[in-house]
Structure formats: structure tokens, C-alpha cells
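Colleague: Everything in the sequence shown is counted per the working numbering, starting at 60 for the first residue and increasing by one. Note that the Cβ used here is the ideal one computed from N, Cα and C, for glycine as well.
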Amino acid sequence: MLLPQEKVRVLISKLKQFYLSRKNYIDFENVDFTDVFDPYLEQKVTNPIMIIGEAPGANEVEQKQPFVGMAGKNLDYLISLSKYERERDFLITNTFPFRTYFENRNRTPKAVELKAGAKLLLEEIKIVQPRLILLLGNSAIRGFSYLPIKNSKIVKDFERGSINRFDFGFFQTGIGVTFHPSPISFNRKNIRDSLEKFFKELDLTKIT
60 MLLPQEKVRV LISKLKQFYL SRKNYIDFEN VDFTDVFDPY LEQKVTNPIM IIGEAPGANE
120 VEQKQPFVGM AGKNLDYLIS LSKYERERDF LITNTFPFRT YFENRNRTPK AVELKAGAKL
180 LLEEIKIVQP RLILLLGNSA IRGFSYLPIK NSKIVKDFER GSINRFDFGF FQTGIGVTFH
240 PSPISFNRKN IRDSLEKFFK ELDLTKIT
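Here you go:
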């Protein structure tokens with residue numbers, strides 16, 4: 060039986076191999092295949108909280124890590140309201156792993172891209188087996204609904220700001236659905252209030 064530190068080392072090794080292999084399974088135009096992933100892998104606890112956004116943007120590609128623009132600053136602020144630490148307790152990733160663009164401007168991933176990304180996302184979830192998954196925004200919820208498992212579409216019915224039990228078949232976990240902390244949405248008081256409340260009340264001890 061592996062000790063916690065050994066489990067983390069195995070997790071890190073598997074994740075790095077997986078992240079560096081993802082571009083072999085995606086074949087679309089107007090996609091930047093720069094590898095973007097959480098830079099704090101070595102500091103994670105086992106079964107961390109997985110935060111899932113939409114897709115990397117230009118800032119993320121430049122720094123090769125997710126959520127580093129204004130949305131990233133908003134997310135850092137929200138995480139600071141919780142009882143958990145960004146580097147240790149959260150693994151931040153995306154529904155579609157690569158930047159999608161049009162005329163060098165960020166664009167929302169198309170349905171066909173989200174469906175391809177969903178297959179990879181499921182493999183990532185299998186490796187991490189997070190104690191909780193947080194879906195940030197419409198694209199994350201939509202992309203998750205494309206996971207090739209029988210009950211993935213029910214996430215569309217989950218109320219924003221809620222955490223729900225979810226059975227993957229190979230394990231069970233909590234699924235939290237909330238808004239994306241983009242500058243446009245975060246500047247709307249009702250959305251900001253909802254996000255702040257969601258992260259302040261985040262409590263893994265209540266998820267059984």
C-alpha cells in the first residue's frame with residue numbers, strides 16, 4: 060500500500076506524461092498546441108480539488124499555466140476566500156486543453172472541440188480522482204456533459220452555486236457548478252456575490 064507522499068509522486072508522474080501526450084489526440088485548425096498545465100503539481104495533496112475552466116487563452120499560452128490573466132486574478136481572490144490553498148489543494152485545468160483562436164484572438168471552443176477535449180478530461184479525472192470537481196462557467200459545464208459516460212449530461216441541470224454527488228462508475232465525487240470568474244461576469248454584482256459565497260462556503264468535510 061502506497062504512503063501519501065508516494066501517491067503524490069505517482070500522481071505527478073502520471074499527470075506530466077498525460078499532459079505532454081494530449082496534443083497527439085487533437086487535430087483541429089486554429090488551435091495552439093502549447094502545453095498548458097498547473098505549475099504546482101509537486102505541491103499537491105492526494106485527490107485535490109479539480110477546478111475546470113474553458114480553455115487557455117493567449118496569456119496562459121505565454122506563461123504555460125492556466126488562469127493567469129484577469130480571470131486568473133479573480134480566481135486567486137476567490138480561492139483566498141476559501142479555507143484551502145491554491146498550490147496545495149487545487150488542481151486547475153481546462154475542458155479543452157489548448158488555446159483556440161481566430162485571427163489571433165481567443166475564441167470559445169466549438170462543440171466538436173469540446174467533445175474531443177472531454178475524452179481527454181475523463182482520462183485526467185481518472186488519474187487525479189479528485190475529492191471535488193468545480194465547473195466554472197458554461198463551456199466547462201457543456202464540455203463535462205460530453206464526457207463519454209452515461210450520466211454526464213445531468214450536470215446541465217445542476218443549480219449554479221450547488222455541489223452535487225456524481226457517480227463516474229469507477230468512483231464517486233462531488234460536482235460543484237458555478238460561474239466563470241471572467242472580468243465581464245465578475246463585474247456583475249449578482250455573479251460576483253454568488254462566486255464569493257460559493258468559495259467561502261467550500262467545505263470538503265461536508266462532501267461524503
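1. What residues are listed by DSSP as bridge partners for N165?
2. Would you report the Cα separation of E218 and L150, rounded to the nearest angstrom?
3. If we ignore side chains and look at the alpha-carbon of each, how far apart do S221 and D262 end up?
4. By how many angstroms is the C-alpha of M109 removed from the C-alpha of F230?
5. Measuring CB to CB, does L173 end up less than 9 Å from Y205?
6. Report the residue from F155, D135 and E101 whose alpha carbon sits nearest the alpha carbon of F258.
7. Quick check on the DSSP output: the alpha helix (DSSP H) that includes G13 runs from which residue to which?
8. Going by Cα to Cα distance, which pick from I184, T232, F245 and S241 is closest to T264?
9. For the beta strand (DSSP E) that contains L191, what are its first and last residues?
10. Count the other CB atoms within 10 Å of the CB of K169; is the residue buried (16 or more) or exposed (fewer)?
11. Is the CB-CB distance between T152 and T159 below 9 Å?
12. Three-state secondary structure (DSSP) at D91?
13. Less than 8 Å between the CB atoms is what I'm expecting for E65 and L137, so what's the real figure, rounded?
14. Nearest to P207 by CA position, among D86, G228 and P125, is which residue?
15. If you draw a straight line from the C-alpha of P156 to the C-alpha of L74, how long is it?
16. Relative to the alpha-carbon of A114, which residue among I184, N210, G196 and D226 has its alpha-carbon at the smallest distance?
Modeller: Taking the geometry as given:
1. Y160
2. 23 Å
3. 12 Å
4. 15 Å
5. yes
6. D135
7. Past the edges of the chain, shown from 60 to 267, lies residue 13, and the structure says nothing about it.
8. Closest option to T264, Cα to Cα, is T232.
9. L191 to L195
10. exposed
11. no
12. strand
13. Not confirmed; about 32 Å, so no contact.
14. Minimum Cα distance to P207 is reached at G228.
15. 13 Å
16. Ranking I184, N210, G196 and D226 by CA distance to the CA of A114 puts G196 first.
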